[in-house]
Amino acid sequence: ALVYTSTPSVVFGNRSLEGVDETTPYARKPLCHYAASKIMAEKLMLKADSPRLRTIAIRPHLVWGPGDPHLIPRLLARGRAGKLKIVGNGQNRVDISYIDNVVQAHLLAADNLLGAADAGGRAFFIGQEKPVFLWDWINGLFAAVGIEQVQKRVSFAAAFAIGGALECAYALLKKTAEPRMTRFVALQLAKSHWFSQAAAGELLGYVPEVSIEEGMKRLLPWIGGASQG
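With this note's numbering applied, the sequence shown corresponds to residues 4 to 232, in that order.
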């Protein structure tokens with residue numbers, strides 16, 4: 004049995020996705036190598052499902068929690084530097100995934116493959132008990148750790164154009180680092196992207212064990228310890 008960690012970015016294009024399920028097609032023109040590579044890998048993984056090797060893809064979105072080396076540290080660093088701006092109207096809703104719930108989903112997927120295997124060859128969206136308003140969640144985190152709230156704004160059109168220009172400039176200069184703003188990031192920060200978890204609930208028995216509120220209670224002591232260390 005093989006459980007692959009995928010991402011909802013495989014279906015994210017240039018518009019909001021609200022409550023869509025796994026029948027949503029793959030993005031035809033992914034705007035970053037990350038999404039493109041994940042699409043390729045997920046397709047290969049699900050195609051490989053067979054009686055000899057059962058496979059499932061789990062699509063957690065915005066994974067966070069104690070020990071996070073990516074999302075939370077980046078948000079805190081940008082927030083402390085005063086370099087974050089609300090992109091768009093600030094009312095976009097997104098799914099987030101506390102790390103323990105992501106682990107739970109993977110274990111449930113493995114149990115299915117080693118048992119009934121009726122979920123083999125499928126992908127599943129997983130997340131929290133509900134989507135959050137992205138910028139309210141970020142500002143709530145900042146308030147809890149004493150970082151000034153994000154209030155400055157930039158239009159989605161401006162952020163998207165800046166992202167495209169920076170991508171071109173980095174390509175011309177043959178820079179390997181990722182620009183601070185890209186078209187993909189502008190879309191992620193401005194558009195809604197949350198997904199139906201009905202299939203994961205029905206076939207895998209997935210119900211997130213750790214709520215957003217409880218997850219924040221567990222996260223804050225780790226942030227305090229990490230900043231002191």
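Where is the CB? At the ideal position from N, CA and C, for every residue including glycine. In this text, all values refer to a predicted model and were calculated from it rather than measured experimentally.
Counted as a single uninterrupted DSSP element, the stretch harbouring A30 is not any alpha helix (DSSP H), since DSSP gives it neither H nor E.
Secondary structure note for Y209: it is in no beta strand (DSSP E), with a DSSP letter that is neither H nor E. If you draw a straight line from the Cα of G93 to the Cα of F145, it comes to about 16 Å.
Comparing C-alpha distances from Y7 to each of Y29, I61 and A160 shows the shortest one belongs to I61.
DSSP places P224 within a helical segment (H, G or I) once states are collapsed to three. Within the segment 104-190, the complete beta strand (DSSP E) segments at least 3 residues long are 125-129, listed from N- to C-terminus.
Within the same chain, and ignoring the five residues on either side of I165 in sequence, the residues whose Cβ sits closer than 7 Å to its Cβ are M184.
Bounds of the alpha helix (DSSP H) holding R81 are L74 to R83.
With a cutoff of 8 Å on beta-carbon distance, S19 and E45 are scored as not near each other.
Under the three-state reduction of DSSP, A51 is assigned to coil, being neither helix nor strand.
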